[in-house]
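Working notes, structure below.
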Amino acid sequence: MTNFDSIVFDLDGTLWDTTPACAVAWNDVLAKHGIPYRHITADDVQLVTGKPHDLCIRETFSDLSEEQIRLLIDDTAVEDNAAITRLGGTIYEGVTEGLRRLKERYRLFIVSNCQSGYIETFYAFSNLGELFEDCECFGNTAESKDRNLARVIQRNGLQRPIMVGDAAGDEAAARACRIPFAFVTYGFGTSLAPDFTYHSFPELTGALLAM
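Heads up, the sequence shown is in my numbering, so the first residue is 22 and it goes up one at a time.
Structure follows, in structure tokens:
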């Protein structure tokens, strides 16, 4: 039997999906600055979700000038949060109830590659912020996911954490910090060799509560 004391969650593709709202935000920023470009879709955003925000923009708009890319990086970081506040996101099935049940046994945290303010936008939209003790993101530290995961582990004195995510980057961060990784298949990414695999949040919840 495995005895974890805490769970560190990735956010996008693990707890919710905001790609439609972010696509609206990116199109709005393009229009605001008069940058001619094809229409950005939720699928475009999904292709880069999970990477640091500046890299998401660089990969999506790689054919634009450096000046335009820098403008998009700065403005979409703000407009994403505004669009999600306005339009909302989709919290995956079972997440709200599951997190409340998991909180009764585990300490809960979030580590994401998102921009500053994005996790707080999730807290406000979901009304789940009270369940999480701490969080960290690329936008706050400009550091890699494994370093931000290590920060959360160290400053909260976590002894037996497990990382939950939907992508290889989450798995790599867990491996770098030498903690187990649980892969959720319903998200955006893939995993090479997860310690645990779950196909829904209710399945994840039940398994972790049974450990």
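Each residue gets a CB set at the ideal place from its N, CA and C atoms; glycine is no exception.
These numbers were taken from a predicted model, which means no experiment stands behind them.
Among G71, R196, V173 and D84, which one has its Cα closest to the Cα of R59?
Per the C-alpha coordinates, the member of G71, R196, V173 and D84 positioned closest to R59 is D84.
DSSP on M22, reduced to helix/strand/coil?
Legend: pLDDT at M22 = 47, less than 50; position of this residue unreliable, no value from coordinates given.
Give, in chain order, every unbroken run of the beta strand (DSSP E) that is at least 3 residues long and sits entirely within the region 54-119.
Correct list: empty.
Are the CB atoms of E157 and R172 nearer to each other than 8 Å?
The Cβ-Cβ distance between E157 and R172 falls below 8 Å.
Below 8 Å CB to CB, which residues in the same chain sit around T211 once its five sequence neighbours on both sides are set aside?
For T211, where only same-chain residues beyond five positions count, the Cβ hits under 8 Å are A188 and A189.
Beta-carbon gap between F209 and G71 smaller than 8 Å:
Taking 8 Å as the Cβ cut-off, F209 and G71 qualify as a contacting pair.
Straight-line CA distance for F217 to F202?
Those two C-alpha atoms are separated by around 7 Å.
Taking the alpha-carbon positions, what's the A145 to Y127 distance?
Near 22 Å, if we compare the C-alpha coordinates of Y127 and A145.
Spatial neighbours of K124 in its chain, beta-carbon cut-off 7 Å, leaving aside the 5 residues before and after
Hits under 7 Å: L152.
Those runs of the alpha helix (DSSP H) which lie wholly inside the region 152-209 and span at least 4 residues
Look at the region 152-209 and you find these whole runs of alpha helix (DSSP H), each 4 residues long or longer: 159-162, 166-176 and 189-197.
V29 - partner residues in DSSP beta bridges:
Per DSSP, the beta bridge partners of V29 are F130 and M184.
Run through DSSP, which three-state label would T142 get?
T142: helix per DSSP, three-state reduction.
Which same chain residues, not among the five before or five after I200, have their C-beta less than 7 Å away from its C-beta?
P182, I183 and M184, listed in sequence order.
Note down the Cα distance separating A214 from A195, rounded to an integer number of angstroms.
Their backbone Cα atoms lie some 12 Å apart in a straight line.
Compute the Euclidean distance between the alpha carbons of M22 and T162, then round it to the nearest angstrom.
The pLDDT assigned to M22 is 47, lower than 50, so where the model puts this residue is not dependable, and the model offers no usable value.
Contact under 8 Å by Cβ, C43 with V29
It is not a contact, given that the beta carbons lie outside the stated cut-off.
I'd like the list of long-range same chain contacts for N48, defined as Cβ closer than 6 Å, with 5 residues on each side in sequence excluded.
Shown here for N48: same chain residues with a beta carbon closer than 6 Å to its own, the five before and five after excluded, namely I61 in chain order.
Quick one: is N148 buried, meaning 16 or more other Cβ sit within 10 Å of its Cβ, or exposed?
With fewer than 16 other Cβ atoms within 10 Å, it is exposed.
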